[in-house]
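Worksheet for the structure shown next.
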């Protein structure tokens, strides 16, 4: 399975309060999926203009299929799944970082979006470059620089199948039927 | 082959004779917790699975804590959905406002968490429950929905970093000062996909309440979990609360650790304060003394327990909170609240001019009861001080022990609790 997209370069310690502030946690109506989606998308990164670790242009310009490449410790903090959901709903299809906090890592994969922790990878990308990720081969490529990097995932063997199914919930339903 | 306590628990719960760090295992879950903040969300996902009955209602604990008493209509709606689900599914372990308190306190206090268990919850500070010698960690709502259905969870076996601490911590130094010191050394990402195991004479001497600060904040280093081997204190705490047999699992003497970090309490020369914007920014309190504050908060799953209220009362007794400072004190649970009432602590704190709240997570994570406005400065006994964590993005949060928070409340600026502690007898 291959993923291709435009890179947004983030800094270190992008925390879950930054991705999705506490005051919005109870706001989305989880019984109405379209209303929920709109609320979660609109409420994420609410104060990002004051944060140095996210590019100013990200919020107005992010497009479906874009990929975040971040420095150390992406997603540190809370278990709130909304932090992962808001990125997905804004169009981000994968996060690649030098290191990723366990909870964000699991939450993002469970939504059907790969989160790849590859030590040192952030130095190989800048905002605006093209990235390609081959999940089964374990290769990430900076297409703009024509440079390949191998990675090794420490995840259950069914993780890429889960992404292909669209996430944990659809994957589980598929297994059952 | 020798294993750590965490490796032994994960081996046992995955039906293997041994496991190694970074191995992927599927474990049986012994206890699963949801709360008001992500409970309704979990239930919606559970329904998406077209599941009817949860795998084992006896293994579920539901605690309403983050936004109770219900903050607004959105919260009330979600709590109603949770209550309906609890009744439909026959979940007995349900804690309404007024009966429980903050989930991590309730899980330990009521004896739900036993040594050797695998415990999960929709909350990053689930690591707190590791104080009972359990493997306890947070998960998101999609995974919790699947746990509700299957009782199973995959986990990457964490390599263990041993944190060994020797020496005596003399009050007003507390385990909070120690933990801020440890986090400063390990850093915010020093233990990602690893486990922190706390050992040593300092830990042996500590109360369970003090130990909970260490396991609670283990996640602040990125750790999967924090854990302490169960000792007689843990067994004595649990015996009157459970009919289940108690198994004591300990790390083998020759277990392999990813790293052992040695600490001595005499390295902690002063109370610690973590400056914004993250918990690894610890400095000595003397470096921050004089910083004006607007709010002083004692509470949260980190430091809202009886011994925290005791030390705050010892400092605030006969004194007043500064005129322009809001002191907010929130007991971590109904049990803590009742005990504090009985001991007269609530009276001392209220006399001093502190607002006493009902048990709730409250202002720690921008839920309610003490949200910070633009530019406000707070000193807090909670566990996180990321930008915007507890209110406006321009507010600043300093993390400290309840003793340091209480001393700071009196002066309206960050203060050294030792100044008040000498006389307060």
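Chains as they are written, first to last, in our numbering: chain R, 4 to 180; chain X, 122 to 546.
In this text, a Cβ means the ideal position worked out from N, Cα and C, and glycines have one as well.
* Asked: What is the residue span of the alpha helix (DSSP H) that residue 19 of chain R lies within?
  -> Reading the first chain from its first residue, position 16 is the one you call residue 19 of chain R. Unbroken alpha helix (DSSP H) run through residue 19 of chain R: 19-22.
* Asked: Straight-line CA distance for residue 316 of chain X to residue 347 of chain X?
  -> Translated into the one-based positions of the second chain, residue 316 of chain X becomes position 195. Translated into the one-based positions of the second chain, residue 347 of chain X becomes position 226. One Cα belongs to residue 316 of chain X, the other to residue 347 of chain X, and the distance between them is close to 6 Å.
* Asked: Does the Cβ of residue 112 of chain R have 16 or more other Cβ atoms within 10 Å, making it buried, or fewer, making it exposed?
  -> Taking the first chain and counting its residues from 1, one reaches residue 112 of chain R at position 109. Here residue 112 of chain R is buried: its Cβ has 16 or more other Cβ atoms, across all protein chains shown, within 10 Å.
* To do: Name, please, each residue of chain X whose Cβ falls closer than 7 Å to the Cβ of residue 28 of chain R.
  => Start at 1 with the first residue of the first chain, and residue 28 of chain R comes out as number 25. The contacting residues are 158.
* Asked: Taking Cβ positions, are residue 127 of chain R and residue 8 of chain R nearer each other than 8 Å?
  -> Within the first chain, the letter at position 124 stands for residue 127 of chain R. Within the first chain, the letter at position 5 stands for residue 8 of chain R. Against a cut-off of 8 Å, the Cβ pair of residue 8 of chain R and residue 127 of chain R comes out as no contact.
* Asked: Given residue 144 of chain X, which residues of its chain have a CB within under 8 Å of its CB, disregarding the five upstream and five downstream residues?
  -> One-based indexing of the second chain puts residue 144 of chain X at position 23. The residues are 277 and 278.
* Do residue 359 of chain X and residue 232 of chain X have their C-beta atoms within less than 8 Å of each other? -> In the second chain, residue 359 of chain X corresponds to position 238, counting from 1. In the second chain, residue 232 of chain X corresponds to position 111, counting from 1. It is a contact, given that the beta carbons lie within the stated cut-off.
* Under the DSSP definition of a beta bridge, which residues are partnered with residue 215 of chain X? -> The sequence position of residue 215 of chain X within the second chain is 94, counting from 1. X/183, per the DSSP bridge assignment.
* Asked: Which residue comes first and which comes last in the alpha helix (DSSP H) that contains residue 302 of chain X?
  -> Stepping through the second chain from its first residue, residue 302 of chain X is reached at position 181. From DSSP, the alpha helix (DSSP H) with residue 302 of chain X extends over 296-307.
* To do: Please state whether DSSP places residue 143 of chain R in a helix, a strand or coil.
  => To locate residue 143 of chain R, count along the first chain from 1; it is residue 140. Judged by DSSP in its simplified three-state form, residue 143 of chain R adopts strand.
* Asked: Looking at C-alpha atoms only, which residue of X/123, X/187 and X/128 is the closest neighbour of residue 489 of chain X?
  -> Counting from 1 along the second chain, the entry for residue 489 of chain X is found at position 368. With distances taken between Cα atoms, residue 489 of chain X lies closest to X/187.
* Asked: Near residue 177 of chain X, what residues of its chain come up, given a Cβ to Cβ distance below 7 Å and the 5 sequence neighbours on each side ignored?
  -> Against the second chain, residue 177 of chain X aligns to sequence position 56. The answer, listed in chain order, is 272.
* Can you find a C-beta in chain X that's less than 8 Å from the C-beta of residue 164 of chain R? -> Translated into positions along the first chain, residue 164 of chain R becomes position 161. So no, residue 164 of chain R is outside the interface.
* **Inter-residue spacing [alpha-carbon to alpha-carbon] between residue 164 of chain X and residue 531 of chain X** => The residue given as residue 164 of chain X occupies position 43 in the second chain. The residue given as residue 531 of chain X occupies position 410 in the second chain. Approximately 45 Å, taken between the alpha carbons.
* Just how far apart, CA to CA, sit residue 93 of chain R and residue 19 of chain R? -> Start at 1 with the first residue of the first chain, and residue 93 of chain R comes out as number 90. Start at 1 with the first residue of the first chain, and residue 19 of chain R comes out as number 16. Using only the alpha carbons, I get a separation of about 16 Å.
* To do: Look up residue 274 of chain X in the DSSP assignment and give the residues it is bridged to.
  => Working through the second chain from its first residue, we reach residue 274 of chain X at position 153. Paired residue(s): X/148.
* Tell me residue 427 of chain X's beta-bridge partners as DSSP assigns them. => Within the second chain, residue 427 of chain X is the residue found at index 306, counting from 1. Looking at the DSSP output, residue 427 of chain X sits in no beta bridge, so it has no partner there.
* To do: Leaving out five residues on either side along the sequence, give the residues of the same chain with a beta carbon under 7 Å from the beta carbon of residue 160 of chain R.
  => Residue mapping note: residue 160 of chain R aligns to position 157 of the first chain, counting from 1. Cβ neighbours of residue 160 of chain R beyond the five flanking positions: none.
* To do: Would you please verify whether the beta carbon of residue 24 of chain R is less than 8 Å from any beta carbon of chain X?
  => What you label residue 24 of chain R is simply residue 21 of the first chain in a count that begins at 1. In terms of beta-carbon proximity, residue 24 of chain R lines the interface with chain X, with at least one pair separated by less than 8 Å.
* Do residue 189 of chain X and residue 218 of chain X have their CB atoms nearer than 8 Å? -> The count along the second chain starts at 1 and reaches residue 189 of chain X at position 68. The count along the second chain starts at 1 and reaches residue 218 of chain X at position 97. Contact annotation: residue 189 of chain X and residue 218 of chain X have beta-carbon atoms nearer than 8 Å.
* Below-8 Å beta-carbon distance, residue 177 of chain X vs any chain R residue -> By 1-based counting over the second chain, the position of residue 177 of chain X is 56. Taking Cβ atoms only, chain R never reaches closer than 8 Å to residue 177 of chain X, which makes this a no.
* Asked: If you check the beta carbons only, do residue 101 of chain R and residue 74 of chain R fall under 8 Å apart?
  -> By 1-based counting over the first chain, the position of residue 101 of chain R is 98. By 1-based counting over the first chain, the position of residue 74 of chain R is 71. Less than 8 Å divides the Cβ of residue 101 of chain R from the Cβ of residue 74 of chain R.
* **Own chain residues within Cβ distance below 7 Å of residue 139 of chain X, not counting five before or after** => Taking the first residue of the second chain as 1, we reach residue 139 of chain X at position 18. So the qualifying residues of the chain are 122, 124 and 132.
* Asked: Between residue 330 of chain X and the ligand PLP, is the CB less than 7 Å from at least one heavy atom?
  -> Inclusion of the ligand PLP in the displayed structure is not the case, the ligand content being empty and no account of it being possible.
* Asked: Sorted by chain position, which residues of the same chain lie with C-beta nearer than 8 Å to residue 412 of chain X's C-beta, five sequence neighbours on each side aside?
  -> Counted from its first residue, the second chain places residue 412 of chain X at position 291. Result list for residue 412 of chain X: 498, 519, 534 and 535, in chain order.
* On the premise that residue 106 of chain R lies in contact with residue 245 of chain X, defined as a C-beta separation below 8 Å, what is that separation, rounded to the nearest angstrom? -> The sequence position of residue 245 of chain X within the second chain is 124, counting from 1. The sequence position of residue 106 of chain R within the first chain is 103, counting from 1. So it is a contact: roughly 6 Å between Cβ atoms.
* Would you mind sorting residue 76 of chain R into buried or exposed? The rule is 16 or more other CB atoms within 10 Å of its CB. => Taking the first chain and counting its residues from 1, one reaches residue 76 of chain R at position 73. With a threshold of 16 other beta carbon atoms within 10 Å, residue 76 of chain R meets it and is buried.
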